[in-house]
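So the sequence lines, in the order shown, correspond to chains A and B. Numbered according to the numbering used here, the first sequence spans residues 280 to 480. Numbered according to the numbering used here, the second sequence spans residues 280 to 480. We put the beta carbon where it would ideally sit given N, CA and C, even for glycine. Worksheet for the structure shown next.
Number of protein chains: 2
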Amino acid sequence: MNPAYTESLNKLIAELGRLPGIGPKTAERLAFHVLKTGAAEAFALAKAIADVKKNIRQCRICFNLSESEVCSICSDTRRNHSIICVVEQSRDVISLEKTGLCKWVYHVLNGHIAPLEGIEPGDLMIEDLVNRVRAGGVEEIVMATNPNLEGDGTALYINSLLRPLNVKLTRLARGLPTGSTIEYASGSILADAISGRAPMD
Amino acid sequence: MNPAYTESLNKLIAELGRLPGIGPKTAERLAFHVLKTGAAEAFALAKAIADVKKNIRQCRICFNLSESEVCSICSDTRRNHSIICVVEQSRDVISLEKTGLCKWVYHVLNGHIAPLEGIEPGDLMIEDLVNRVRAGGVEEIVMATNPNLEGDGTALYINSLLRPLNVKLTRLARGLPTGSTIEYASGSILADAISGRAPMD
Numbered sequence: 280m281n282p283a284y285t286e287s288l289n290k291l292i293a294e295l296g297r298l299p300g301i302g303p304k305t306a307e308r309l310a311f312h313v314l315k316t317g318a319a320e321a322f323a324l325a326k327a328i329a330d331v332k333k334n335i336r337q338c339r340i341c342f343n344l345s346e347s348e349v350c351s352i353c354s355d356t357r358r359n360h361s362i363i364c365v366v367e368q369s370r371d372v373i374s375l376e377k378t379g380l381c382k383w384v385y386h387v388l389n390g391h392i393a394p395l396e397g398i399e400p401g402d403l404m405i406e407d408l409v410n411r412v413r414a415g416g417v418e419e420i421v422m423a424t425n426p427n428l429e430g431d432g433t434a435l436y437i438n439s440l441l442r443p444l445n446v447k448l449t450r451l452a453r454g455l456p457t458g459s460t461i462e463y464a465s466g467s468i469l470a471d472a473i474s475g476r477a478p479m480d
Numbered sequence: 280m281n282p283a284y285t286e287s288l289n290k291l292i293a294e295l296g297r298l299p300g301i302g303p304k305t306a307e308r309l310a311f312h313v314l315k316t317g318a319a320e321a322f323a324l325a326k327a328i329a330d331v332k333k334n335i336r337q338c339r340i341c342f343n344l345s346e347s348e349v350c351s352i353c354s355d356t357r358r359n360h361s362i363i364c365v366v367e368q369s370r371d372v373i374s375l376e377k378t379g380l381c382k383w384v385y386h387v388l389n390g391h392i393a394p395l396e397g398i399e400p401g402d403l404m405i406e407d408l409v410n411r412v413r414a415g416g417v418e419e420i421v422m423a424t425n426p427n428l429e430g431d432g433t434a435l436y437i438n439s440l441l442r443p444l445n446v447k448l449t450r451l452a453r454g455l456p457t458g459s460t461i462e463y464a465s466g467s468i469l470a471d472a473i474s475g476r477a478p479m480d
């Protein structure tokens, strides 16, 4: 708190300083930028921040971020709604969509099972996924949980629930990350790459 | 060159300083360690260095590092000699062997094709690989060149040579590196993972 600044300026500095990666100095610099900038611009920023909190909610079907009851992906009729890709969080949807290869729809779990952190299956949107599959019309579930301990555990759990429902269960390929070198790949990555080796075109 | 040191000490410091990652200070410290250590130990180090240069050569069959004409892998009869895994360098053999999953033999190319660096196909052990396949008894070639531009290019070139020889051509799986997160995976990694998605067990 700098007593030379007014109360609102101090407040803005404090608020900006709570953002991740923004230290006190950067917060001060940003605050002074807001102070110097035109009123319209500053209000636009303020509105944008408030709007995000007001307008964004979860899609009723896939629990992805959405501004309407059903998100733009779920309401896209050109997509193949019989393939559901299961991800941990909305940011994963964005990453996958950027590839331009995904013609499917999604199901966002809102996290992964982690009993030690107190996250039980009931805290995730797993039951909703099972209900979507039960409702019919689903041919394939693509597991796109993170390829680590928690993500794999979550995928296995969901797998066990969906297996009796007679739906094709796949997961994203494991192997060498494109652009890497074999010399520095870990044993588990190489093991995945060896056991999953694929025919060359 | 420190005039306070004897000529041989200066020489040792200079030689050690040529090693990658060893700066002048470290070289000096290492040199003094050699100076203080027992004669037997120092001679053992010197001999080890010389022996490596004297004794290690390339296996006549796979061009892996070897102390005899045929390396320990090529002379291991418990291995499946009908599967040849093609790698760029000997260090890749070590990485793959550490997984304990490789029941095959190898072929070390001694690099990758890189015309801009002046490395042409003729500089690598490619012709020797084609001759190995021609000699018969080979069922599968597993391409384990690095999953980057040069490695892929080299694999494609070799592929084009081997295709007429009627041998199964595979490559290590591409996809998400185990232990990573989807959010930070690059587009090309995700593209590999999506197109190569595999059934869940």
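CA-to-CA distance, residue j to residue i, given in whole angstroms
{"i": "B/Leu448", "j": "B/Asp431", "result": "14 Å"}
{"i": "B/Val421", "j": "B/Ala477", "result": "19 Å"}
{"i": "A/Ile468", "j": "B/Tyr463", "result": "17 Å"}
{"i": "A/Gly454", "j": "B/Pro456", "result": "6 Å"}
{"i": "A/Arg297", "j": "A/Leu291", "result": "10 Å"}
{"i": "A/Leu353", "j": "A/Thr378", "result": "This sequence places Cys at residue 353 of chain A; Leu is not what is there. About 18 Å."}
{"i": "B/Gly316", "j": "B/Ala327", "result": "Per the sequence presented here, residue 316 of chain B reads as Thr, with Gly not at that position. Cα-Cα distance, rounded: 16 Å."}
{"i": "B/Gly458", "j": "A/Glu419", "result": "24 Å"}
{"i": "A/Met479", "j": "B/Arg358", "result": "23 Å"}
{"i": "B/Ser347", "j": "B/His360", "result": "19 Å"}
{"i": "B/Lys332", "j": "B/Ala325", "result": "11 Å"}
{"i": "B/Leu440", "j": "A/Leu380", "result": "31 Å"}
{"i": "B/Ser481", "j": "B/Asn334", "result": "Here chain B comprises residues numbered 280 to 480, so residue 481 of chain B is not present and cannot be evaluated."}
{"i": "A/Glu320", "j": "A/Ala470", "result": "54 Å"}
{"i": "A/Ala393", "j": "A/Glu376", "result": "26 Å"}
{"i": "B/Glu406", "j": "B/Leu395", "result": "21 Å"}
{"i": "B/Val313", "j": "B/Ile373", "result": "30 Å"}
{"i": "A/Gly466", "j": "A/Ile473", "result": "10 Å"}
{"i": "A/Asn410", "j": "A/Thr285", "result": "55 Å"}
{"i": "A/Pro299", "j": "B/Ala323", "result": "54 Å"}
Nearest residue (CA-CA) to residue i, options the options
{"i": "B/Leu403", "options": "B/Lys377, B/Ala434, B/Asn427, B/Glu376", "result": "B/Ala434"}
{"i": "B/Ser369", "options": "B/Gly458, B/His391, B/Asn343", "result": "B/Asn343"}
{"i": "A/Pro400", "options": "A/Ile437, A/Thr424, A/His360", "result": "A/Ile437"}
{"i": "A/Asn289", "options": "A/Arg358, A/Glu307, A/Val366, A/Gly302", "result": "A/Glu307"}
{"i": "A/Asn425", "options": "A/Glu367, A/Ile362, A/Val349", "result": "A/Glu367"}
{"i": "A/Cys350", "options": "A/Val384, A/Arg442, A/Ile398, A/Ala293", "result": "A/Val384"}
{"i": "A/Ile398", "options": "A/Glu429, A/Ala452, A/Arg339", "result": "A/Glu429"}
{"i": "A/Cys341", "options": "A/Ile362, A/Asp330, A/Ala323", "result": "A/Ile362"}
{"i": "B/Asn427", "options": "B/Leu295, B/Gly415, B/His391", "result": "B/His391"}
Coarse secondary structure for residue i, derived from DSSP in three states
{"i": "A/Ile328", "result": "helix"}
{"i": "B/Asn445", "result": "coil"}
{"i": "A/Ala452", "result": "coil"}
{"i": "A/Val365", "result": "strand"}
{"i": "B/Glu399", "result": "coil"}
{"i": "A/Leu298", "result": "coil"}
{"i": "B/Thr336", "result": "Correcting the residue type first, residue 336 of chain B is Arg in the shown sequence and not Thr. In the structure shown, B/Arg336 sits in a strand (DSSP, three-state: E or B)."}
{"i": "B/Leu344", "result": "strand"}
{"i": "A/Ile473", "result": "helix"}
{"i": "B/Ala393", "result": "strand"}
{"i": "A/His312", "result": "helix"}
{"i": "A/Pro426", "result": "coil"}
{"i": "B/Val412", "result": "helix"}
{"i": "A/Val387", "result": "strand"}
{"i": "A/Val421", "result": "strand"}
{"i": "A/Asn289", "result": "helix"}
{"i": "A/Asn438", "result": "helix"}
Spatial neighbours of residue i in its chain, beta-carbon cut-off 7 Å, leaving aside the 5 residues before and after
{"i": "A/Arg498", "result": "The requested residue 498 of chain A does not occur in the structure, where chain A is confined to residues 280 to 480."}
{"i": "A/Lys382", "result": "Arg358, Asn359"}
{"i": "A/Arg413", "result": "Leu444"}
{"i": "A/Gly475", "result": "Ala452, Arg453, Gly454"}
{"i": "B/Ala423", "result": "Cys364, Val365, Val366, Asp371, Leu375, Leu451"}
Own chain, CB closer than 6 Å to residue i, minus 5 neighbours either side, in chain order
{"i": "A/Leu408", "result": "His386"}
{"i": "B/Leu309", "result": "Leu295"}
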